[in-house]
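Report on the structure given below.
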Amino acid sequence: MTNDEEILVKILKLSHDQVMAGKSYSQEEAEHYLDQRLYEFRDKMVGTCVAEPC
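In terms of our numbering, the sequence shown opens at residue 265 and continues consecutively.
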């Protein structure tokens, strides 16, 4: 098994263990979390100017 395959197996096992322990999130919860993080990021960027050098 390659290193990438071993990492993938570890991720899948962890995910499975979390689901079995009731620590899973719905698609709606995940989207809400990502939307909130994006909003927070955009809020921090308000007033920040990015200029290209002349």
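The beta carbon of each residue, even a glycine, is placed where N, CA and C say it ideally should be.
Check: Uninterrupted beta strand (DSSP E) stretches inside the segment 275-309 (no shorter than 3 residues); Outcome: none
Check: Cβ pair Ser-290, Gln-282 closer than 8 Å; Outcome: no
Check: Distance, Glu-293 Cα to Ile-271 Cα; Outcome: 26 Å
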